[in-house]
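Reviewing the structure listed below.
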Amino acid sequence: MPLRVTFIASGDGTRLRTANWEPTPGIPRRGYCVLLDGHSEFIEKYEEVVGELAARGFAGAILDWRGQGASQRDLTDPLKAHVTDFNAYDADLRAFMEQIAQSTASGQGQPIALAHSMGAHILLRMLHANPESFSAAILIAPMLELDTQSFPGRIVRSLASTLRFLGLSRTWVWGMRKRDPIRLRFEDNRVTSDRDRFARTQNQLERNPALRLAGPSWGWLEAAYRSMAAMRRPGFAENITTPCLMFGAGRDRIVSTAAVRAFSRRLPHVTYIELADAEHEILMEKDSIREGFWSAFDVFVGQICPWRRT
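Structural data, given as structure tokens:
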């Protein structure tokens with residue numbers, strides 16, 4: 018599925034790479050989908066998903082968030098992700114909507130959003146601030162609480178806050194510097210059980226190493242904790258009136274599925290589905306898992322954007 022690449026500027030001038038697509042030739046245009054990927058991801062990784070959306074009659078657009086993919090990176094070390102506040106990502110999404118999505122979706126009705134992990138987190142921020150932004154939202158393993166494995170989350174957050182106070186927010190989160198994704202073996206990955214899709218992503222990075230991102234700074238992590246804490250406050254989820262389809266991954270080792278499940282119970286208009294065998298990246302998973310996702314997607318979206326008779 019051909020992607021047309023365009024560069025835009027975020028509110029602070031940060032250069033962002035975006036791409037848009039049209040429905041598969043011969044398929045009636047059904048609607049418009051904004052596709053928001055997760056931390057460390059990039060546009061090319063979602064070419065298969067774009068093709069599946071296009072085959073369902075959706076035009077749409079996707080972007081590389083600041084600091085990843087082929088968007089602008091401001092740090093000396095391009096493998097490190099860093100922001101001081103998630104309002105920087107809010108600005109990216111607003112610019113993307115104003116400069117790309119709203120213009121290319123003109124005349125197609127209110128868009129839907131399909132978002133994964135950090136992208137789903139940023140989408141939730143927009144849905145809270147402006148519930149009329151989208152006609153519907155599909156959120157996959159949203160970043161609501163991080164899985165810190167053997168380290169208690171409150172200790173990790175306290176450490177991130179302390180290092181920020183000490184002026185060390187741009188330093189690597191411990192262990193992240195060594196996680197160059199090009200060197201990652203399938204057996205050591207924590208996001209998919211599908212060997213072929215993992216290899217495809219690795220091949221994309223090998224062909225274009227500038228797309229890769231190893232991990233976050235302590236400042237990024239502290240900003241993420243602040244944003245996640247805001248989402249736990251009474252009224253945040255309850256004020257999101259957009260119809261939502263939310264997925265949890267039963268074997269997620271990146272975000273807490275229990276937190277996703279709990280958040281879904283607070284949303285006024287939500288269908289929650291948990292895919293028991295899925296790792297974090299549901300859209301990069303095995304066919305059997307992805308079939309469960311697309312089946313639920315088709316039922317949900319069919320109520321929002323039904324096929325039009327020609």
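Residue numbers for the sequence shown, in the working numbering: 18 to 327. Every residue, glycine too, gets a C-beta built ideally from N, C-alpha and C. Because the structure is a prediction, the values reported are computed rather than measured.
DSSP-derived helix/strand/coil call for residue i
i: T327; result: Residue confidence for T327 is low, a pLDDT of 46 falling below 50, so the modelled location carries little weight; the figure read from the coordinates is stated next. Three-state result, T327: coil.
i: F103; result: coil
i: K62; result: helix
i: G136; result: helix
i: E255; result: helix
i: L110; result: helix
i: A122; result: coil
i: L228; result: helix
i: L92; result: coil
Range of the contiguous alpha helix (DSSP H) that encloses residue i
i: N37; result: No alpha helix (DSSP H) holds N37; the beta strand (DSSP E) holding it covers 32–38.
i: R171; result: 170–182
i: Y242; result: 235–249
i: A216; result: 212–224
i: I321; result: 304–321
Distance CB(residue i)-CB(residue j) smaller than 8 Å
i: L110; j: I129; result: no
i: A241; j: F103; result: yes
i: L131; j: P159; result: no
i: L12; j: A112; result: Beyond the ends of the chain as shown, which are 18 and 327, falls residue 12; an answer cannot be given.
i: W235; j: L163; result: no
i: V190; j: G232; result: yes
i: I299; j: P260; result: no
i: A71; j: T41; result: yes
i: L161; j: S305; result: no
i: W324; j: R47; result: yes
i: S210; j: K303; result: yes
i: I60; j: Q116; result: no
i: T258; j: P148; result: yes
i: L228; j: F317; result: no
i: S27; j: A108; result: yes
Neighbourhood of residue i by C-beta, 8 Å cutoff - its chain only, sequence neighbours within 5 removed
i: A293; result: G267, R268
i: K62; result: D54, T218, Q221, M301
i: D315; result: R73
i: Q89; result: T31, R32, L33, R83
i: V100; result: R83, G84, Y106, G236, W237, A240
i: R196; result: A231, G232
i: T188; result: L180, S234, W235
i: R243; result: D102, F103
Residue interval of the beta strand (DSSP E) (run including residue i)
i: M263; result: 261–266
i: F24; result: 21–26
i: H133; result: 129–133
i: V272; result: First-last for V272: undefined, no H or E at that position.
i: A154; result: 153–157
i: E291; result: 287–292
i: A76; result: 75–80
i: F51; result: Correcting the residue type first, residue 51 is Val in the shown sequence and not Phe. 48–53 is the extent of the beta strand (DSSP E) around V51.
Close-in-space but distant-in-sequence residues of the same chain around residue i (CB under 6 Å, 5 per side omitted)
i: E291; result: G265, G267
i: T327; result: Legend: pLDDT at T327 = 46, less than 50; position of this residue unreliable, value from coordinates given subsequently. For T327, where only same-chain residues beyond five positions count, the Cβ hits under 6 Å are P45.
i: R73; result: none
i: L20; result: A36, W38
i: V208; result: E296, H297, E298
i: H56; result: M135
i: F203; result: R212, F215
i: I172; result: none
Minimum C-alpha distance to residue i - residue among the options
i: A122; options: G184, H286, N37; result: N37
i: R114; options: T101, F151, S88, Q85; result: Residue 114 is actually Met in this sequence, not Arg. Closest option to M114, Cα to Cα, is F151.
i: P251; options: L96, L20, R283, R243; result: R283
i: H286; options: R47, I155, E204, R229; result: I155
i: I157; options: G319, S281, I25; result: S281
i: S120; options: A246, D81, C50; result: C50
i: F253; options: H145, R214, R202, V318; result: H145
i: E65; options: R214, L183, L176, T258; result: R214
i: V67; options: G77, E58, A279; result: G77
i: A246; options: H133, N225, T93, S175; result: S175
i: I199; options: N225, F182, G192; result: N225
i: R270; options: M263, S167, A118; result: S167
i: D29; options: F75, D91, E69; result: D91
Residue i: CB within 7 Å of a non-hydrogen atom of the ligand FMN
i: N37; result: Within the structure as shown, the ligand FMN is missing, as the structure has no ligands at all.
Residues near residue i by beta carbon distance below 7 Å, same chain, minus five either side
i: D81; result: L33, R34, F59, I60, A87, S88
i: S178; result: E239
i: D94; result: none
i: L165; result: Per the sequence shown, the amino acid found at residue 165 is Thr instead of Leu. Within the same chain, T165 has close Cβ partners V173.
i: M193; result: A231, G232, P233
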